[in-house]
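Contents: one structure, followed by commentary.
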Amino acid sequence: MMARNDADSDYVVIGAGSAGCALAARLSEDPHNRVTLLDAGVEQPTRFREIPGVTKLLMANPRFDWLFRAEPDPSIDGRQLFWHAGRMAGGGSSINGMVYIRGRRGDYDDWVDMGATGWGWSDVEPFFRRLEGYTGPGNGALGQMGPLSVSPMKKPHPLAKDVIAAGEALGFPHLPDHNAAGDGEGVYYALGSQANGMRVSSARAYLIPALGRPNLRFITGARVDRVLFDGKRVSGVRYVKDGQSHDIGVTREAIVSAGTMQSPLVLLRSGIGPAAQLRDHGIDVLADREQVGGNLQEHIGFAIAKHVDVPTYNSEMNVRHGIKHVIDFVLRRAGPLAAPSVQVMGWLKSDPGLARPDLHMSWLPFAMDLTKMPPVMHAKPAVGLGAVVARPHSRGRISLRDASVESAPKIDFQMMGDERDVKALIGAVRLSERFYQTEPLASHVVSDAPPFRSNMTDAEIVDALKAVCRTGLHAVGSCRMGSDDDAVVDTQLRVRGVDGLRVADASIMPRQISANTNATAIMIGERAADFILDRQNL
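Take the sequence shown: its position 182, counting from 1, is numbered 181 in numbering that gives the first Met the number 0, and each next residue is one higher.
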């Protein structure tokens, strides 16, 4: 099939996700830059889709969600986990839980220790402040003039304050300004990427306001096959739309922002990756880069459900109560339809002797019955409390199934493949039970919900975790950044072994952060734009 030639662009951004929207918008602020943004999805945010309570209609719907299925994982007895990824403008920021959190100072300083010079806390903090538009009391650590709206919940569930109080009773301080809280333990109310009760995705914050610019072209339904080269220099990008192949000439740079699961695939199909894998799929080797697709990291975690004696979203989100909540949302932009799914979070240690917290806790005012497949809401009022291993030791890999642009990534997680993570998870389960057993939360707990129960042995906990553990939907690391020769990209996000190509999304993170990853992905998009524009202006 012959490719049609589209008009050239100075910059082509591949992927309109959390980072890609920010990057394309920043590059196109200069009217002299011709910018093309390609996205495989065809859907965009609408005001209805931005109602937080509507998110459950988008997730697992193939119009909006890639819904990748991982390979059978021997570390969890062969279970196959699903991985949700936004298949629409804004990517994950359009279907995620809306939690806004930067991560910890030590997370970024760890990156520097691993060779990512220039990516320590003091280096990235100004870029977080640039993107943040915080509205609410306190939180002086957050920026207030940025495009991404960040706000506290208007009306947390009544039990949220009891979770905070139980944490304090256990010795974990309340952190009202958790985005500047250093590296200690503590619990806090989650902030949301929201404005007046509505979701604010990267597409809403960055892309939609920029779409009127004549120098920004946004092409949807465009599945990028590969990056084209003249020798080792980027010359264009080939994509498929409606069955027709198209080529766009690139005069300056192409930037891959397709996300942790798909950015490696673009590089691999372009001839950049492990030589043996490329040859197995009939792809000519342009640059033998063993770590493309490797270093995959994901938060592994669980949620322990307990039945409680107060109404929760399990019992409230039905026809009987729905009208009340619709009115609450329409009149006050409050209530379950406006609330993030996670309302209380915390950084905790699975072992008091650790130097830093190794767990990131979450509390939700509802609970799923994970013993059912697919999981369903518990019929009776219930809440969920659990944690993820904040900086997991296990590593997986993304690889090609074949050379087709239509094929999903081959995802090998190895979720419980490292005994250090398993040990941390056992400690997390026991710590979660301590929260439930501590007043004022304890007086509201009515009964356990399977598969977890009080006083389990370590072996029983491991069996339960293997049966119901989940991903945090925070995968990172498959195009690792570093200053060493083995890193996929250098510290300015340039792909090693070629010229004119960068990667800018969560895949470049050398190590997982102790938090949700959406804010960090947007920060990476902001930094990438600065790197590119600084070079352009030399």
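All C-beta atoms in this analysis are idealised placements derived from N, C-alpha and C, irrespective of residue type, glycine included.
| task | Would you kindly work out how many angstroms separate the C-alpha atoms of E438 and L330, rounded to a whole number? | result | Numbered from its first residue, the sequence shown carries residue 438 at position 439. Numbered from its first residue, the sequence shown carries residue 330 at position 331. Rounded to whole angstroms, E438 to L330 spans 34 Å at the Cα level.
| field | Sub-9 Å separation of M414 and S393 beta-carbons | value | Stepping through the sequence shown from its first residue, residue 414 is reached at position 415. Stepping through the sequence shown from its first residue, residue 393 is reached at position 394. Going by C-beta atoms, M414 is nearer than 9 Å to S393.
| field | Of the listed residues V467, R268, W362 and Q491, nearest to D401 (C-alpha basis) | value | Indexing the sequence shown from 1 puts residue 401 at position 402. Residue R268 is the option with its Cα nearest to D401.
| said: Please classify R86 as buried or exposed, where buried requires at least 16 neighbouring CB atoms within 10 angstroms. | reply: Here residue 86 corresponds to residue number 87 of the sequence shown, with the count starting at 1. Flag for R86 reads buried.
| message | Once DSSP output is grouped into helix, strand and coil, what is the label at W118? | response | Indexing the sequence shown from 1 puts residue 118 at position 119. Three-state result, W118: coil.
| Taking the Cβ atom as the reference point for each residue, do G196 and P51 lie within a distance shorter than 9 Å? | Taking the sequence shown and counting its residues from 1, one reaches residue 196 at position 197. Taking the sequence shown and counting its residues from 1, one reaches residue 51 at position 52. Cβ atoms of G196 and P51: closer than 9 Å.
| Would you call R319 buried or exposed, if buried means 16 or more other Cβ atoms sit within 10 Å of its Cβ? | Counted from its first residue, the sequence shown places residue 319 at position 320. Per the 10 Å Cβ criterion, exposed.
| Of all the alpha helix (DSSP H) runs that stay within the bounds of the stretch 248 to 292, which reach a length of 4 or more residues? | 262 to 268 and 274 to 279
| Cβ atoms of Y238 and L37: under 9 Å apart, would you say? | Counted from its first residue, the sequence shown places residue 37 at position 38. Counted from its first residue, the sequence shown places residue 238 at position 239. Taking 9 Å as the Cβ cut-off, L37 and Y238 qualify as a contacting pair.
| Where does the unbroken beta strand (DSSP E) through Y10 begin, and where does it stop? | Taking the first residue of the sequence shown as 1, we reach residue 10 at position 11. Run containing Y10: R3 to I13, per the beta strand (DSSP E) assignment.
| query | Looking at the unbroken beta strand (DSSP E) that takes in E49, where does it start and where does it end? | reply | For the purposes of this step, residue 49 is taken as residue 50 along the sequence shown, with counting starting at 1. Unbroken run through E49: none, as it is neither H nor E.
| message | Once the 5 residues before and after P356 are set aside, which same chain residues still bring their CB inside 6 Å of it? | response | As a position in the sequence shown, residue 356 is number 357, starting the count at 1. Excluding residues within five positions, the ones whose Cβ falls inside 6 Å are E184, W346, L347 and K348.
| field | Three-way DSSP call (helix, strand, coil) for F451 in this model | value | Numbered from its first residue, the sequence shown carries residue 451 at position 452. Note: F451 maps to coil in three-state DSSP.
| request: Counting only the same chain and skipping the five closest in sequence on each side, list residues whose C-beta sits under 8 Å from that of L285. | output: Sequence index remark: in the sequence shown, residue 285 carries index 286 (1-based). The residues are F228, K231, S269, G270, I271, G496 and V497.
| said: Here's a check: name, in chain order, each residue in its chain whose Cβ is nearer than 7 Å to the Cβ of L537, leaving out the five neighbours to either side. | reply: Here residue 537 refers to the residue found at position 538 of the sequence shown. Residue placement at L537 is poorly supported in this model, since its pLDDT is 44, which falls under 50; the coordinates still yield a value, given next. Within the same chain, L537 has no close Cβ partners at all.
| Within this structure, are the beta carbons of V291 and G14 separated by less than 9 Å? | Counting from 1 along the sequence shown, the entry for residue 291 is found at position 292. Counting from 1 along the sequence shown, the entry for residue 14 is found at position 15. No. Outside cutoff.
| task | Would you mind sorting T311 into buried or exposed? The rule is 16 or more other CB atoms within 10 Å of its CB. | result | Here residue 311 corresponds to residue number 312 of the sequence shown, with the count starting at 1. With 16 or more Cβ atoms within 10 Å of its Cβ, T311 is classed as buried.
| request: Examine the Cβ distances between the stretch 220 to 227 and the stretch 403 to 414 and report whether three or more of them are shorter than 8 Å. | output: yes
| query | In chain order, what residues of the same chain have a beta carbon less than 6 Å from the beta carbon of V388, not counting five sequence neighbours either side? | reply | Within the sequence shown, numbered from 1, the residue matching residue 388 stands at position 389. Answer for V388: I299, D420 and A423, listed in chain order.
| query | Which same chain residues, not among the five before or five after Y133, have their C-beta less than 6 Å away from its C-beta? | reply | One-based indexing of the sequence shown puts residue 133 at position 134. L141, Q143 and V149, listed in sequence order.
| DSSP three-state call for A304: helix, strand or coil? | Along the sequence shown, one-based indexing puts residue 304 at 305. Strand.
| message | As a quick exercise: from R62, L440, D447 and R469, pick the residue whose alpha carbon is nearest that of A164. | response | If you number the sequence shown from 1, residue 164 lands on position 165. Nearest option by C-alpha distance: L440.
| message | Give me the residue from D489, A466, Y107 and D5 with the minimum Cα distance to S513. | response | Numbered from 1 along the sequence shown, position 514 holds the residue referred to as residue 513. The candidate whose alpha carbon is nearest that of S513 is Y107.
| said: Among G16, S27, E28 and A69, whose alpha-carbon lies nearest the alpha-carbon of P44? | reply: If you number the sequence shown from 1, residue 44 lands on position 45. It is G16 whose Cα lies nearest to the Cα of P44.
| task | Starting from the N-terminal side, write out each stretch of the alpha helix (DSSP H) that is 4 residues or longer and does not extend beyond the stretch 132 to 189. | result | 159 to 168
| request: Evaluate E252 with the Cβ neighbour count: other Cβ atoms within 10 Å of its Cβ, from every protein chain shown; 16 or more gives buried, anything less gives exposed. | output: For the purposes of this step, residue 252 is taken as residue 253 along the sequence shown, with counting starting at 1. The residue is buried, with at least 16 neighbouring Cβ atoms inside 10 Å.
| message | Here's the rule: buried if 16 or more other CB atoms are within 10 angstroms of the residue's CB, otherwise exposed. What is F560? | response | Since the displayed the chain opens at 0 and closes at 537, residue 560 lies outside it and no answer follows.
| task | Would you check if the distance between the CB atom of R68 and the CB atom of I410 is smaller than 9 Å? | result | By 1-based counting over the sequence shown, the position of residue 68 is 69. By 1-based counting over the sequence shown, the position of residue 410 is 411. Cβ distance < 9 Å, so R68 and I410 count as in contact.
| message | Using CA atoms only, rank isn't needed, just tell me which of Q511, G499 and T490 is closest to T250. | response | For the purposes of this step, residue 250 is taken as residue 251 along the sequence shown, with counting starting at 1. Of Q511, G499 and T490, the residue nearest in Cα terms is G499.
| task | Go ahead and label G395 buried or exposed: buried means 16 or more other beta carbons lie within 10 angstroms of its beta carbon, across all protein chains shown. | result | The residue labelled residue 395 in the question sits at position 396 within the sequence shown. Classification for G395: buried.
| request: On the DSSP bridge assignment, give the partners of A194 in chain order. | output: If you number the sequence shown from 1, residue 194 lands on position 195. Bridge partners of A194: M197.
| query | Applying the criterion that 16 or more other CB atoms from any shown protein chain within 10 Å of the CB defines a buried residue, is S453 buried or exposed? | reply | In the sequence shown, residue 453 corresponds to position 454, counting from 1. S453 comes out exposed.
| request: Indicate the three-state DSSP secondary structure (helix, strand or coil) for A337 in the structure shown. | output: Taking the first residue of the sequence shown as 1, we reach residue 337 at position 338. Reduced to three states, the DSSP call for A337 is helix.
| Do T34 and A23 have their C-beta atoms within less than 9 Å of each other? | Position 35 of the sequence shown holds residue 34. Position 24 of the sequence shown holds residue 23. Here the sequence assigns Val to residue 34, which means Thr is not the residue at that position. Against a cut-off of 9 Å, the Cβ pair of A23 and V34 comes out as a contact.
| Are I433 and D109 close, meaning C-beta to C-beta below 9 Å? | In the sequence shown, counting from the first residue as 1, residue 433 sits at position 434. In the sequence shown, counting from the first residue as 1, residue 109 sits at position 110. It should be pointed out that residue 433 corresponds to Arg in this sequence rather than to Ile. No; because the gap between Cβ atoms is not below 9 Å, this pair is not in contact.
| Looking only at DSSP bridge pairs, what is W362 linked to? | Walking along the sequence shown from the start, residue 362 turns up at place 363. Its beta-bridge partners are V343 and L384.
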